[in-house]
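Structure record follows, encoded as structure tokens.
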Ligand code: SF4
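Chains as they are written, first to last, in my numbering: chain F, 1 to 65; chain D, 1001 to 1735.
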């Protein structure tokens, strides 16, 4: 299991950051992602593995109205 | 298949300008000496009394500048002088005040052309403030005035003409022009410009026909778009500014200013303003395409994002997404907007987000068959007039958008009011007999626009809708048309103002953002949904209270200075979130630094992050006391309807049952198994109401207010707004 923004998320074998975002339906293009406190560069999400038990922080840079 | 629309082809309304002008009668004309501001301020107010035909000047004092800064602050200061606690919106003493701030009109920093409109609102009975683009404010300022303060009522349709280059100000009776804004803006621009080159130096404020019967009338501020050869419009939308305007029998305000040059604010340190301006415009140029796409789509880029996160209002805020959203999403508007034209509502704004759909063939009403340019739709229009009313047809959406604007109707209030009556129709609270035959089924675009035509004609059920959700709730309950509790729960208004177009059921902080806003629920005061609900960055009541202290005050500052909020955080340095930890990133610290430099560069006065917030805090608290003075401004006025806080109906609960059940189990600590939906709804309601009240306690404490929401004497003293008049209002509430 992963913890994503303080909420549990079921872990799938071989998950990448991109998979986590997809599973959570985080479609916004301006995200800042940390896996276990390590910042993940945009553009590398589909290549960055997420280990089981990881804590993932996903910040949406969205300003709204 | 993509269709192209010729941005130069539209119906011409200016052919008859000389005949129309010949019918004008000058009521009074006074000479004046134009002057440029010095370090952002002209220190002059133009005062107009329409009842006595007085045109005069007032000096802006240093104390006004020190305490109220400018823009919205000046508006509130003069409004306080104008009214008494008993003043109603349509009393002659109600003032309509327009003020750009000290930073307004600079052409270096993106988003610097805003005017603030302040008046007593017909919808709420308290001050409303609107931040609006278009050229009127800056041109007014460069003629010599920081503020235009209008009082009284004219006998017949009247226009105010401020002609800077000729040094005259006139009130003229103008009997023949159509008041509808797409015509009025075009005609008056042609009428008062000397020649084609002069058109950009003329700006018009108007409100259309429907603003005469509706309480939700808006003001349209124009600017001349030389590429299209069209008068474009931006709206001072909320709270009925246009209603007050038409009630005063104003048909238009026209300013003819001077040809723009750089540094008309006569900045203390002009090169600094150039430097920070370049920084933001470079950032927009380099990163907008990978960030918000504001230059192609404006705020309409948000439609599908809100849908994906269950935040798009659907069917009167019952649901947060809809299967038909792709029919009105940003890709649709990207194709429908004319691209490649810098859509700036003031010079120098690289964000250029004031998009327009050209070549709309009007489908209904008095302008049927005309070809018009529709300003927008912005996100609020697509969501409010569209998804919230179940309307997913872009042509009808443009039609409703066009008529809202030209008739002078606030798209946000109308969208929410229309969604309310459509739900009333669905639930049998309304029927054909009660609506005068109008079928208000979800998605009926023809009926939506017919409500607007009725408002404009001053007849039918449209008049009722135009008076807003609160008025309708009272009426429907009085008439015994439905369950009073249900009508109260699903009517999305707070303080009498309709809630703007974001679902906030799952964001407690945004519930506070809407309900604690001084003027009523408008998202320009606080937009914390993602920070709260998705990013989970402000988990405790204290965290949320801190956000509800800082962000409303920071956003208030734009209204004091005459700035647009969008270039603050609809573009960000690409490494903003990597560089700044936690919620600090949401403040966009490097942009805050830009603003501090811009302020000092123009005014010559030092400003740091703390004193920026204090500037706003003084005005914000003064406005809170103003509400108190008008008989509101305490805790009971800060309560949202339950639809903003949680599921009102069984269908709403069951559509998100998994979420709600989980909350009961994991947060409330009650196992929902075996309980009926009704029982679970009752439990949810108790929990949600309780946490909202806890949030309010925390926010009031953080803001230096009593548990009833009244600023304490210490707070007033700290902010130097403890004048005897202010203290006299507050003292009886402090016990
Ligand atoms: S960002 Fe958009 S709304 Fe704001 S000033 Fe620029 S063009 Fe106008």
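Ideal Cβ positions, reconstructed from N, Cα and C, are used throughout, including at glycine. Note that the structure is predicted; figures quoted are calculated from it, not measured.
- Counting C-beta atoms within 10 angstroms of its own C-beta, residue 1373 (chain D) has 16 or more neighbours from the protein chains shown and is therefore classed as buried.
- Within the region 1164–1189 of chain D, the runs of beta strand (DSSP E) that reach at least 3 residues and sit entirely inside it are, in chain order, 1168–1173.
- Put simply, the CB of residue 64 (chain F) is near chain D, with a gap under 7 angstroms to one of its CB atoms.
- Assignment of alpha helix (DSSP H) within the region 1370–1455 of chain D, counting only whole runs of 4 or more residues, yields 1394–1407, 1411–1426 in chain order.
- Residue 1141 (chain D) sits buried, since 16 or more C-beta atoms from the chains shown fall within 10 Å of its C-beta.
- Contact check for residue 1338 (chain D) against residue 1013 (chain D) fails: the beta carbons are separated by 7 angstroms or more.
- Residue state for residue 1617 (chain D) is assigned as helix, using DSSP reduced to three classes.
- Closest in C-alpha terms to residue 2 (chain F), from the list F:31, F:26, F:36, F:40, comes F:36.
- In the three-state DSSP reduction, residue 1693 (chain D) falls in the helix class (H, G or I).
- Ranked by Cα distance from residue 1601 (chain D), the first of D:1715, D:1459, D:1267 is D:1267.
- Residue 1355 (chain D) is positioned such that its CB atom lies closer than 7 angstroms to that of residue 1298 (chain D).
- Taking the Cα of residue 1017 (chain D) as reference, the smallest distance to any Cα among D:1115, D:1185, D:1453, D:1136 is reached at D:1185.
- Using a Cβ-Cβ distance cut-off of 8 angstroms, the region 1487–1504 of chain D and the region 1632–1642 of chain D are in contact, since at least three pairs of beta carbons, one from each stretch, lie closer than that value.
- Placement of the Cβ of residue 1598 (chain D) at a distance of 6 angstroms or more from every heavy atom of the ligand SF4 is found.
- Those residues of the region 3–19 of chain F placed with their C-beta closer than 9 angstroms to a C-beta in chain D are 5, 6, 7, ordered along the chain.
- When the five nearest sequence neighbours on each side are left out, the beta carbons in the same chain lying within less than 8 angstroms of the beta carbon of residue 1470 (chain D) are those of 1123, 1491, 1493, 1496, in order along the chain.
- Taking 8 angstroms as the Cβ-Cβ cut-off, the region 1569–1603 of chain D approaches chain F at 1569, 1570, 1572, 1576, 1577, 1578, 1585, given in chain order.
- Per DSSP, residue 1361 (chain D) lies in no alpha helix (DSSP H) segment; the continuous beta strand (DSSP E) that holds it begins and ends at 1356–1361.
- If you draw a straight line from the Cα of residue 1424 (chain D) to the Cα of residue 1440 (chain D), it comes to about 9 angstroms.
- Any Cβ of chain D closer than 7 angstroms to the Cβ of residue 1 (chain F) would place that residue at the interface, and such an atom is absent.
- When C-alpha distances from residue 1326 (chain D) are compared across D:1308, D:1342, D:1143, D:1315, the shortest belongs to D:1308.
- The three-state secondary structure of residue 1732 (chain D), taken from DSSP, is helix.
- Where residue 1473 (chain D) is concerned, the enclosing alpha helix (DSSP H) starts and stops at 1469–1478.
- Uninterrupted alpha helix (DSSP H) stretches at least 4 residues long and entirely within the region 1216–1273 of chain D occur at 1241–1247, given in chain order.
- With a beta-carbon spacing of about 7 angstroms, residue 1548 (chain D) and residue 1509 (chain D) fall inside the 8 angstroms limit used to define contacts.
- The continuous stretches of beta strand (DSSP E) do not include residue 1072 (chain D), which lies in the alpha helix (DSSP H) extending over residues 1072–1082.
- Screening all residues for a C-beta within a distance smaller than 5 angstroms of any heavy atom in the ligand SF4 leaves D:1111, D:1133, D:1344, D:1345, D:1349, D:1351, D:1353, D:1354, D:1564, D:1566, in chain order.
- Counting only the Cα atoms, residue 1039 (chain D) lies some 36 angstroms from residue 1091 (chain D).
- Annotated as proximal: residue 1213 (chain D) and residue 1463 (chain D), with beta-carbon spacing under 7 angstroms.
- Proximity of chain D to residue 38 (chain F) at the Cβ level (cut-off 7 angstroms) is not reached, the minimal Cβ distance being about 11 angstroms.
- Taken through DSSP and simplified to helix, strand or coil, residue 1108 (chain D) comes out as coil.
- A direct Cα-to-Cα measurement between residue 1450 (chain D) and residue 1416 (chain D) gives close to 16 angstroms.
- CA-to-CA, the gap between residue 1218 (chain D) and residue 1121 (chain D) works out to about 11 angstroms.
- Residue burial annotation: residue 1256 (chain D) is buried, with at least 16 other C-beta atoms found within 10 angstroms of its C-beta.
- For residue 1634 (chain D), the closest C-alpha among the options D:1472, D:1672, D:1732 is that of D:1732.
- Assignment of residue 1059 (chain D) by DSSP, reduced to helix, strand and coil, places it in the strand class.
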